[in-house]
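The sequence shown maps to residues 1 to 560 in our numbering.
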Amino acid sequence: MFTQSVVRKFVEKSLLKNNNKLLKFLCYSTSSNNFVRPVYYDAKKFEDKVAIQDDIGRHTFSDIYQKATTLSKNISSALNQKTGERVLFLCPNDVSYVITLWAIWMSGQIAVPLSPLHPDSLLLYYTNDTNSALIVSSSNFQPQMEHLATASKVPLYVLPQTITEPSKLKSNVEINEDIIPNTNEAMILYTSGTTGSPKGVVLTHKNLRVQVETLTSAWKWTSNDVILHTLPLHHVHGTINALFCPLYVGATTIMLPKFNPTKIWNYFLQNKEKITVFMAVPTIYSKLIDEYENNIKNKQKDVRKVLENDVRLMVSGSAPLPAPVHTKWFELSGHKLLERYGMTEIGMCLSNLYDSDRSPGFVGVPLPSVSVALADQNDGTVILQCSNQNGSLVYEKNGSGDVTGELLVKGDSVFKEYFGKPEATRKEFINGWFKTGDLAQFVEKDQKFRILGRKSVDIIKSGGYKISALQIETLLLEHERIKECAVLGVPDDVYGERVGVIVVPQTGGGSEFDLEGLRGWAGGKMPRYWVPSVLRVVEEIPKNAMGKVNKKELIKVFFD
């Protein structure tokens, strides 16, 4: 009888040789705890069903798989048949992204997606940090990637333009019986860097499989779904949640090249393609509300009816959802946005239930694949543990009432490591728990969690008080003249930090918006020590591609 280590060696060798018969035998002869099928394997179930619709055309699952198989051979050749190499790739939001990603995996490599919004300096940082062996680029970005290839001395492979052309013939593709060890690395996604230098998060094929299976079950994905995709493809939200999930269940993804509020509303309200799922960051929902108020409200009266009848799920994530946006979106669409919580390192770990009531600011309960805990802010001891067992919330905590602490996460969805940074990886774990760096509160009455903010930037320490910037932001957004705001801890010699706020007025101006008036209004809404003592009025608050605010940078720009 083979030992597990011997079987693993056989599997690794067979993968290199693409010996399908041996793979099939081992598939049914080894423990499922040690091996996993990559998420692209399930394309075999859907064949000529449309997987991706983009500005180029409609692309079936089998067509994408066939092109990915061909491309994988070219990638293998470019890497001299080596496996386990990091491959950077940059593609538009269209079918070329999926083809390239699958091809990288089929050739046994680790995918590192890039964004066209990243400056050259950041692209070079990613290239050097991952020690990548190859850059793959669509022709759209060839000049930019040629510059990167020259600067990094990494070979560049440019995709043929024909790779995105839909096949006119029915594909007849044999799907390989691929299984791979659980620990095989699949992707490196970079953290947003809002609280420090970006780190490369290594996700294994098992991590991805667990995350996708968990979300498709929790959010009730089916092959009948149609999702409108308008998110960046270098973060968890746009890749795993909004792309891998529909591909996994055989649903159709309509990919827009970039965010365009007019186009999104056209898709929502036209009858040709009924959108059933939509996911976005709060900024997108805010801009869709503006588009509705300015250009749709007085022209089409049945907006709410159409959205209630056609769309079954709308999700908000990647940044806190302001309560006014939650309320306004419900008023015009009939949808209470589903809020959830996750990170690059853990995928999604908390989510409101699909069929449950949704309250603004609450991110729900643990998903079935994870356990969460809250740790005391002072000594780090675990004061609450919580898990979802067969749909029932099970928790242990000290005492009664609400519990607040740093959120810890454990489960098969949690990442393997920060690439090339063992010490940084070690520091983020304690007794097997990943430390998110976010403060969360378990509200006993609601049996749900809410996020209070990052320990490093969203918890303001002023005069002995610990104050949640996110809670102040929520209250300030009730002001009829505040469109957006960011609350920060401004360094102060006396108090340690003072509560500062950057405001975008509803009018877009700002000369009439003064600190004295704001403090007078806020004094009736919040404790005295929460009231902002420093104000900056701007026309726009800078954000990254996922709608996140880098508060450390804001302090430098507006308060230094």
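Note that the Cβ used here is the ideal one computed from N, Cα and C, for glycine as well. For clarity, every value in this text was computed on a predicted model and none was experimentally measured.
- Judged by beta-carbon spacing, residue 522 lies beyond the 8 Å limit of residue 477, meaning their Cβ atoms are not closer than that value.
- Here residue 280 is bridged, per DSSP, to 316.
- Rounded to the nearest whole angstrom, the CA to CA distance from residue 348 to residue 211 is 7 Å.
- Contact between residue 279 and residue 241 holds: CB atoms are separated by about 6 Å, below the 8 Å threshold.
- For the pair of segments examined, the stretch 257-267 was found not to touch the stretch 56-66: the number of CB pairs separated by less than 8 Å stays below three.
- With a cut-off of 8 Å on Cβ pairs, the stretch 145-153 is not in contact with the stretch 43-54, counting fewer than three such pairs.
- Bridge partners of residue 485 according to DSSP: 503.
- For the stretch 87-171, the continuous alpha helix (DSSP H) assignments of 4+ residues that do not extend past its boundaries occur at 95-106, 120-130 and 142-152, in sequence order.
- Closest in alpha carbon position to residue 345, among 428, 514 and 140, is 428.
- Around the beta carbon of residue 209, 16 or more other beta carbons sit within 10 angstroms, so the residue counts as buried.
- Taking 8 Å as the cut-off, the beta carbon of residue 313 is found no closer than this to the beta carbon of residue 334.
- Linking residue 375 to residue 400 through their CA atoms gives a straight-line distance of about 16 Å.
- Per DSSP, the continuous beta strand (DSSP E) segment holding residue 442 begins and ends at 433-443.
- Note that the C-beta distance between residue 359 and residue 446 is below 8 Å.
- The stretch 499-508 and the stretch 435-454 do not touch, with fewer than three beta-carbon pairs separated by less than 8 Å.
- For residue 403, the uninterrupted beta strand (DSSP E) run begins and ends at 403-411, by DSSP.
- Your pair residue 159 and residue 138 checks out as a contact, with CB atoms roughly 5 Å apart and the cut at 8 Å.
- Less than 8 Å separates the beta-carbon of residue 383 from that of residue 405.
- Beta-carbon to beta-carbon, residue 296 and residue 329 are separated by about 13 Å, too far to satisfy the 8 Å threshold.
- Residue 156 and residue 552 have their alpha carbons spaced roughly 35 Å apart.
- The C-beta distance from residue 114 to residue 126 rounds to 7 Å, short enough to meet the 8 Å contact threshold.
- In this structure, 52 is the residue among 456, 495, 506 and 52 with its C-alpha nearest to the C-alpha of residue 252.
- If you keep only unbroken beta strand (DSSP E) runs of at least 3 residues inside the stretch 168-252, you get 185-190, 200-204 and 226-229.
- Residue environment: residue 276 is assigned as buried (16 or more neighbouring CB atoms within 10 Å of its CB, all protein chains considered).
- Closest option to residue 514, judged by alpha-carbon separation, among 529, 482 and 525: 482.
- The DSSP-derived three-state label of residue 456 is coil.
- Residue 340 is classed as buried because its beta carbon has at least 16 other beta carbons within 10 Å across all chains shown.
- Residue 88 and residue 463 have their C-alpha atoms roughly 47 Å apart.
- Of the residues assessed, residue 239 falls on the buried side of the cut-off, its CB having 16 or more other CB atoms within 10 angstroms.
- A buried status is given to residue 417, since no fewer than 16 other beta-carbon atoms sit within 10 Å of its beta-carbon.
- About 17 Å separates the Cβ atoms of residue 317 and residue 474, ruling out a contact at the 8 Å cut-off.
- Leaving aside the five residues that flank residue 37 on each side, the residues in its chain whose CB is nearer than 6 Å to its CB run, in chain order, 179.
- For residue 59, the three-state secondary structure derived from DSSP is strand.
- Judged by their CB atoms, residue 368 and residue 321 are not nearer to each other than the 8 Å cut-off.
- Assignment of residue 492 by DSSP, reduced to helix, strand and coil, places it in the strand class.
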